[in-house]
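Data first, discussion second: the structure below is written as structure tokens.
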Amino acid sequence: MTTNTPAILVVDDEAQIRRFVRAGFELQGFTIHDAETGAAAIRDATLRAHDLIILDIGLPDIDGAQVVERIRGWSDVPIIILSVRASEAEKVRLLELGADDYVVKPFGMAELLARAKAALRRRQRAATGEPVVHAGPLSVDLAARTVSLDGQRLSLTPKEYRLLQILAQHASNVVTHQHLLREVWGAAHIDDPHYLRIFVRKLRKKIEADPTQPKILVTELGVGYRLAQRPADNGPEPA
Amino acid sequence: MQRAWGRMWPEIRKILAALALVAAVSVIVFLLVRYLGVSRASVAFLLPVVVAAIRWGPAAAMAASIVGVVPMVFLLYEPIYHLQISDPQQIFDLALYILVAVVVSRLAAQLSAAHVRAEANLLRQAVVDSVSHELRTPLASILGSATVLEPAPPIAGDRRLAGLVQGIREEAERLDREIQMLLDASRVSIDRIEPKRELVDPADIINSAVARRRRQISGRSLELEIAEDLPFVFVDGAMIEQALIQIVDNAGKYSPPSSRIRIEAKADNGYVALAVTDQGAGFNAEEYRRASERFFRGSRHIGVSGSGLGLWIAKAFLVANNGRLIIASAGESRGTTVTVLFPVARHASANLAAVTAYNDD
């Protein structure tokens, strides 16, 4: 992040969508650039240093996945995908290629802002080395490898901690099942969602007030999990 | 009279074409019968039937098979060049020929009808996809713009304006739900439900559905009771969520604003049962019988907006995931309980303890 007004590149072929996204972000003090094709987006991303890219995956010229791949070739700028509903497999594919999160069209500005701010916070945390991630009553100290709930230190098993650690590193953004399985259990277990379901349950029993109605470790059906930091992060906007 | 003739002309043309083909085959058989032999030559008369069935439909095929009998008898059967049958075996041959011709023409007709249907389905899917894209794109702009305006101080500070913008947003959300319903309905009606099944925690499905609908059922108090440690199920989570949303929407629509809606999930004898109970309109015997029919709407609910597709879609989605839907009501105005049942995913519960012990060091 170069200045205190973060710069965002908005890529969508619909002018009216670019317009309201621009207005929504500018009202919050962001600087916006926009592009209407994948080629223009890639060109723009090489010319300017953006703090975040918001990318519609239904572009007329280049497949969204290709745009993500190309940008990931040289840059780790956060990318948030705009997609239509009922394409869980497509979302997962793009997240696996390196996108940071997604928002389903049609969406409310509050939801997009929440996702964008989360991605920016993560970038800032990485830049400043801030080790503690807060999510409601939960704090995860990534440096000291400790977890506390309402100030009380929690005791987690190594795998429970590892799971929480990865979610905390991506706090407020979604992490796919595949990513979690690979990072916690290794590539050999990428097709064993079973482990993940059980450990998520164990973890919820330790960190949630009501483990059957989680507010911190929330599920994105068919995609993955999210460590919700504030109520706006908690599940999709009603739509 | 003229118009009836005009309507029939294409059909007649096809029959004439089939008869011309029979004539052509007859000439060829007449010329070649010496070299072919009688049995092979009679098989040649099946050719116009097959071609007519595939290209011109069952009526033309039937005409070709019946008319084909004449040159067969005339050219091939002793006495040759007489329309006369002398041998009972020839009668048997002819009967066999007609039978084969009928079967072939029926099969060909079914094949071409299936082909037409498949093409119509593809076309319908393409239309629905493009309509939904064309509707959703402007809708996304309307909804997004409304949500930018809503919190802006000049709007939020004026109650009348705030109300208008809120109205725009809510109506856009409603349109989006209706479009989703149409899309789902079209997927169900052309049998294109392709669940991507995986191991899912049933509680996650309920929580996700409730998060999506909290605003719409906010007038009614919502009670959630999810048993701890529910067994996992093997389903397409997003699809079941959509089915559950339909059921919860119905519960909200057909119950008074101050009433309670209760969602309960528990394990039940090898099944996971998700039950949505409302204190609303309930079902009478007639409504109960027809509840999950497409487009069925109880005559008591004229004033409630709806298409009569909700339960029908929900049921199709559930069945595609090995689930079942059970409706129970004590009668009119006495509330409804819709229960969804899924078999427990087998390997999951059996190995749970082992995995837990093995995997954590």
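In the order they appear, the protein sequences are chains A and B. Just so it is clear: in the first sequence, position 215 is 215 by our numbering, and no numbers are missing. In our numbering, each residue's number is its place in the second sequence (first place is 1) plus 1000. Don't be surprised by glycine CBs; every beta carbon is placed ideally from N, CA and C.
At a CB-CB cut-off below 8 Å, which residues of chain A make contact with residue i?
i          : result
Arg-1136/B : Val-84, Lys-105 and Pro-106
Lys-1196/B : Glu-88, Ala-89 and Gly-222
Tell me which residues share the same chain as residue i and place their Cβ nearer than 8 Å to its Cβ, disregarding the 5 neighbours each side in the sequence.
i          : result
Asp-61/A   : Thr-37, Gly-38 and Ala-39
Val-1128/B : Leu-1182, Leu-1183 and Ser-1186
Leu-156/A  : Val-147, Leu-164, Leu-203 and Lys-206
Asn-1322/B : Phe-1234, Val-1235, Phe-1342 and Pro-1343
Val-84/A   : Gly-58, Val-104 and Lys-105
Starting from residue i, follow the beta strand (DSSP E) in both directions and report where the run begins and ends.
i          : result
His-189/A  : His-189/A -> no beta strand (DSSP E), and no H or E assigned at all.
Arg-1262/B : 1260–1268
Pro-1343/B : 1336–1343
Arg-226/A  : 224–227
Thr-31/A   : 31–35
Leu-217/A  : 217–220
Tyr-1077/B : Taken as a continuous stretch (DSSP letters only), Tyr-1077/B belongs to no beta strand (DSSP E), as it is neither H nor E.
Ala-1275/B : 1271–1278
Ala-1328/B : 1324–1329
Output needed for residue i: all residues of its chain with C-beta closer than 6 Å, excluding positions within five of it in sequence on either side, in chain order.
i          : result
Val-1073/B : Leu-1083
Ala-99/A   : Val-68, Ile-79 and Ile-81
Can you tell me which of the options puts its alpha carbon nearest to the alpha carbon of residue i?
i          : options                                           : result
Gly-1057/B : Gln-1089/B, Leu-1311/B and Ala-1101/B             : Ala-1101/B
Ala-116/A  : Arg-125/A, Ser-172/A and Pro-158/A                : Ser-172/A
Ala-144/A  : Tyr-161/A, Gly-136/A, Ala-15/A and Pro-137/A      : Tyr-161/A
Glu-14/A   : Ala-35/A, Gln-28/A and Ala-7/A                    : Ala-35/A
Val-140/A  : Glu-183/A, Leu-164/A, Leu-112/A and Leu-120/A     : Leu-164/A
Ser-148/A  : Ile-207/A, Asp-100/A and Leu-181/A                : Ile-207/A
Leu-1016/B : Arg-1324/B, Ser-1065/B and Val-1043/B             : Ser-1065/B
Glu-1332/B : Leu-1341/B, Trp-1312/B, Tyr-1288/B and Ala-1345/B : Tyr-1288/B
Glu-1228/B : Asp-1249/B, Ala-1203/B and Arg-1214/B             : Ala-1203/B
Thr-31/A   : Ile-53/A, His-189/A, Glu-130/A and Ala-41/A       : Ile-53/A
Val-1051/B : Gly-1037/B, Leu-1021/B and Leu-1135/B             : Leu-1021/B
Glu-111/A  : Phe-25/A, Asp-12/A, Leu-154/A and Val-223/A       : Phe-25/A
Phe-1232/B : Tyr-1271/B, Arg-1214/B, Trp-1009/B and Val-1070/B : Tyr-1271/B
Ala-1328/B : Thr-1336/B, Leu-1122/B and Arg-1290/B             : Thr-1336/B
Pro-211/A  : Phe-199/A, Ile-8/A and Gln-169/A                  : Phe-199/A
Gln-213/A  : Glu-1264/B, Ala-1041/B and Asp-1278/B             : Glu-1264/B
Leu-1309/B : His-1301/B, Glu-1170/B, Arg-1297/B and Ala-1320/B : Arg-1297/B
Leu-154/A  : Leu-138/A, Pro-6/A and Leu-167/A                  : Leu-138/A
Ala-1024/B : Pro-1048/B, Arg-1040/B, Leu-1139/B and Trp-1009/B : Pro-1048/B
Lys-1266/B : Arg-1260/B, Ser-1258/B and Val-1276/B             : Val-1276/B
Gly-224/A  : Ala-89/A, Gly-64/A and Ala-188/A                  : Ala-89/A
Arg-945/B  : Asp-1191/B, Met-1008/B and Glu-1170/B             : Lying outside 1001 to 1361, the shown extent of chain B, residue 945/B is not represented and no answer is given.
Ile-1217/B : Ser-1258/B, Arg-1300/B and Gln-1180/B             : Ser-1258/B
Thr-176/A  : Asp-150/A, Leu-9/A and Val-92/A                   : Val-92/A
Asn-1284/B : Ala-1146/B, Arg-1334/B and Ile-1313/B             : Arg-1334/B
Thr-1137/B : Lys-1014/B, Pro-1195/B, Ala-1120/B and Ile-1179/B : Ile-1179/B
Here's a check: name, in chain order, each residue in its chain whose Cβ is nearer than 7 Å to the Cβ of residue i, leaving out the five neighbours to either side.
i          : result
Gly-235/A  : Any reading at Gly-235/A must be qualified, since the residue scores a pLDDT of 44, below 50, and its modelled position is unreliable; the value itself is stated next. Contacts found: Val-218.
Phe-1030/B : Leu-1075
Ile-1085/B : Val-1073, Tyr-1077 and Ile-1091
Gln-1242/B : Asp-1184 and Phe-1317
Ile-42/A   : Val-67, Arg-70 and Ile-71
Leu-1149/B : Ile-1155 and Val-1165
Ala-126/A  : none
Glu-240/A  : Absent from the structure is residue 240/A, since the part of chain A shown begins at 1 and ends at 239.
In chain B, which residues lie less than 8 Å from residue i when you measure between Cβ atoms?
i         : result
Gln-229/A : Under the 8 Å cutoff, chain B gives no residues; its nearest Cβ is about 16 Å from Gln-229/A.
Leu-27/A  : Val-1148 and Ala-1152
Arg-115/A : Those do not exist, as Arg-115/A stays about 14 Å from chain B at its closest Cβ, beyond 8 Å.
For a contact meaning CB atoms closer than 7 Å, what does residue i contact in chain A?
i          : result
Glu-1241/B : Leu-221
Ser-1145/B : Phe-20
Leu-1224/B : Gln-213
Glu-1228/B : Pro-211 and Thr-212
What residues from chain B crowd round residue i, counting only those whose CB sits closer than 7 Å?
i         : result
Ala-110/A : Thr-1147
Ala-40/A  : By Cβ distance, chain B contributes nothing, its closest Cβ being about 19 Å from Ala-40/A, past 7 Å.
Arg-197/A : Leu-1199, Asp-1201 and Phe-1232
Arg-226/A : The premise fails here: Arg-226/A is roughly 11 Å from chain B at the closest Cβ pair, so nothing lies under 7 Å.
Could you spell out where the alpha helix (DSSP H) holding residue i opens and where it closes?
i          : result
Glu-1223/B : Unbroken run through Glu-1223/B is the beta strand (DSSP E), 1221–1226; no alpha helix (DSSP H).
Val-1043/B : 1038–1044
Val-1248/B : 1237–1253
Arg-197/A  : 193–207
Ile-1313/B : 1310–1320
Tyr-1288/B : 1285–1290
Determine the chain A residues that contact residue i at a beta-carbon separation under 9 Å, and present them in chain order.
i          : result
Leu-1205/B : According to the sequence provided, residue 1205/B is Ile. The question's Leu does not apply to it. Those are Thr-219 and Leu-221, listed as they occur along chain A.
Gly-1167/B : Those within 9 Å of Gly-1167/B in chain A number zero; the least Cβ separation is about 15 Å.
How would you list, in chain order, the residues of chain B whose beta-carbon sits under 9 Å from the beta-carbon of residue i?
i        : result
Glu-14/A : Thr-1137, Pro-1138, Ala-1140 and Ser-1141
### Query
What beta strand (DSSP E) runs, 3 residues minimum, are completely inside the region 122–183 of chain A?
132–135, 138–141, 146–149 and 174–176
### Query
What are the complete alpha helix (DSSP H) segments, minimum 4 residues, inside the region 1149–1206 of chain B?
1153–1156 and 1159–1189
### Task
Starting from the N-terminal side, write out each stretch of the beta strand (DSSP E) that is 3 residues or longer and does not extend beyond the region 1–70 of chain A.
7–11, 31–35 and 52–56
### Message
List, from N- to C-terminal side, the beta strand (DSSP E) runs of 3 residues or more that fit wholly inside the region 1091–1146 of chain B.
### Response
none
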